[in-house]
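Student: In my numbering, the protein residues as written are 24 to 394. Quick one: this structure, given as C-alpha cells, is what I'll be asking you about.
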C-alpha cells in the first residue's frame, strides 16, 4: 500500500511538471515529440517495474522474467511498427511507453488487491528513500559511465568514430548484459533469503554459488565474443565500420564482464548490508576515472582509447567495490571457479586462435562451435 500510493502521488506530480518542461524546452519539434513520449512512458514503466520487483522479492522469478521479456519484445514490435509508419526518432520511445500498457491489465489488478486495506507507513517510506535514492543515483552514474565516451569521441573525432564504437559496444555489451540480467534475476532474491533465514554463513554459501555461476557463464562468453570479433563484425556491421569494431569488441567484452560482476555480484553486498551510500561512491570512482582516461587516450588511440578507458574504469571500479564492501557485507571471491574457468577459457581462446580465418558466417560458426 505504501509503495503504490506513493507511486500514484509521485506520478500525479511528475506528469504536469514533465509536460511543462517539454512545452517550454527550446527543442526541435521532432526531438520534443520524442522526449514527450519518453517521459509519458515513465509512469507506466514504473508501475510495471513495481510488480516485477515484487515478483522477484517473492521468489517468483519466472513470472518476473515473463513480464520483462513480454514488455521488451512488445516494445520492440511497437517501436518497429511506428518506425515503419514514419514516426522517426520517437518510434523506440513510443514502444517503451505503450508496451507496458498491455501488461498492466494482467498484473496491476492483482497487485492493487494485495494493497487494499493497507495504510501508508511514513517511517517505512523514509527508510525506503534513504535506502533507494543512492541506488538510483548509482544507476545514473552507470549510465554516465556507459555513454560519456560517445560524447568525447564526437568531440575529438567524428560521427563515423562514434558509429563504429557504438556498433561494437552494442554487440558485446548487450550480449553479456542479457546473461547477467537473467542470472541476477534469480540470484539476488536467493541471496536476500539466505541472509534473512540463515545469516551470513548461509549467505556466504549462496553467494559463492551465485558468483561461481556468473563466472562460469560470463567469463567464457566474454572470451568467446573477443575471439569472434572480426567474423561477427563482418556479418553484422557495415563495411566502413568493421575494422574499428573488430578492434573495440574485445575491450568492450572485458568491460562488460567486469561491469556485470560489480552490478550483479560484488556490488550487491552494499544492498544486503544497507550501505547503499557506499554503492554510490563505488560508482562515482569509475565514472570520474572514465572521463579522465577518455580525455587522455582518445586523442592518442581513437576508438580503441575509448574502449581501453572503459575497461580500465570498470577494473578500477571493481577494486574500489572490493575494498569498500568490507564496510558493508563483503561477498566471497569464487577463486576456484575463477581459476578453473580462466584456464578453460585460455585453452578455448588458444584453440580458436589456430583456426583458419575463412571469414564471415562460416568462420563465426566454426569459431563458436569449436570454442
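For each residue, glycine too, the CB sits at the ideal point set by N, CA and C. Bear in mind that the values here come from a model prediction, so they are computed numbers and not experimental data.
By a C-beta neighbour count over all protein chains shown, 10 Å radius and 16 as the cutoff for buried, is residue 39 buried or exposed?
Tutor: exposed
Student: Tell me the start and end of each unbroken alpha helix (DSSP H) in the segment 312-337 that is at least 4 residues and wholly inside, in chain order.
Tutor: none
Student: Would residue 62 pass as a contact of residue 41 if the rule is Cβ separation under 8 angstroms?
Tutor: In terms of Cβ geometry, residue 62 and residue 41 form a close pair [threshold 8 angstroms].
Student: Let me know if residue 176 comes out buried or exposed under the rule of 16 or more other beta-carbons within 10 Å of its beta-carbon.
Tutor: buried
Student: Nearest CA to the CA of residue 197: which residue from 276, 69, 357 and 29?
Tutor: 276
Student: Taking the straight line between their C-alpha atoms, what separation do you get for residue 228 and residue 158?
Tutor: 25 angstroms
Student: Return helix, strand or coil for residue 182, following the three-state DSSP convention.
Tutor: helix
Student: Any chance the segment 326-342 sits against the segment 208-225, with 3 or more Cβ pairs inside 8 angstroms?
Tutor: no
Student: Which first and last residues belong to the alpha helix (DSSP H) in which residue 359 is found?
Tutor: The continuous alpha helix (DSSP H) containing residue 359 extends over residues 358-376.
Student: Note the first and the last residue of the continuous alpha helix (DSSP H) segment covering residue 77.
Tutor: 52-80
Student: Whole alpha helix (DSSP H) runs in the segment 245-284 with 4 or more residues, listed along the chain?
Tutor: Segments of the alpha helix (DSSP H) lying fully in the segment 245-284: 252-259 and 265-284.
Student: Please classify residue 309: does DSSP put it in a helix, a strand, or coil?
Tutor: helix
Student: So, do the segment 353-370 and the segment 286-293 have three or more beta carbon pairs nearer to each other than 8 angstroms?
Tutor: yes
Student: Along the alpha helix (DSSP H) that carries residue 39, what are the first and last residues, could you check?
Tutor: 25-47
Student: What are the start and end residues of the alpha helix (DSSP H) that includes residue 292?
Tutor: 291-295
Student: From the DSSP output, in three-state form, read off residue 379 for me.
Tutor: coil
Student: Less than 8 angstroms separating the beta-carbons of residue 252 and residue 272?
Tutor: In this structure, residue 252 lies near residue 272, with their beta-carbon atoms less than 8 angstroms apart.
Student: Taking residue 188 as the reference, give the member of 375, 207 and 327 with the closest Cα.
Tutor: 327
Student: If you reduce the DSSP assignment to three classes, tell me which class residue 109 lands in.
Tutor: coil
Student: Excluding the 5 residues flanking residue 34 on each side, which residues of the same chain have their C-beta closer than 6 angstroms to its C-beta?
Tutor: 66
Student: Are the CB atoms of residue 245 and residue 191 nearer to each other than 8 angstroms?
Tutor: Pairing residue 245 with residue 191 gives a Cβ-Cβ distance that is not under 8 angstroms.
Student: Where does residue 123 fall in DSSP's three states?
Tutor: helix
Student: Count the other CB atoms, across all protein chains shown, that sit within 10 Å of the CB of residue 27; report buried if there are 16 or more and exposed otherwise.
Tutor: buried
Student: CB-CB under 6 angstroms to residue 121, same chain, minus the five flanking residues each way: which ones, in chain order?
Tutor: 101
Student: Keeping to the same chain, check which residues put their C-beta closer than 6 angstroms to that of residue 98; ignore five residues upstream and five downstream.
Tutor: 118, 119 and 122
Student: Cα-Cα, which of 76, 70 and 151 is closest to residue 124?
Tutor: 70
Student: When you compare only the Cα positions, how much space is there between residue 374 and residue 274?
Tutor: 20 angstroms
Student: In whole angstroms, give me the CA-to-CA distance for residue 256 and residue 194.
Tutor: 9 angstroms
Student: Kindly indicate which residue of 218, 32 and 299 has the alpha-carbon position closest to the one of residue 347.
Tutor: Taking residue 347 as reference, the option from 218, 32 and 299 with the minimal CA-CA separation is 299.
Student: DSSP state of residue 86, grouped into three classes?
Tutor: Of the three classes helix, strand and coil, the one that applies to residue 86 here is helix, per DSSP.
Student: Would you say residue 148 and residue 30 are within 8 angstroms of each other, going by their C-beta atoms?
Tutor: Cβ distance not < 8 angstroms, so residue 148 and residue 30 don't count as in contact.
Student: Out of 109, 86, 143 and 103, point me to the one whose CA is closest to residue 129's CA.
Tutor: 86
Student: What three-state label does DSSP hand residue 142 in the structure shown?
Tutor: coil
Student: Residue 295 to residue 205, Cα distance in whole Å?
Tutor: 20 angstroms
Student: In three-state terms, what does DSSP make of residue 355?
Tutor: coil
Student: Go ahead and pull the three-state DSSP assignment for residue 149.
Tutor: helix
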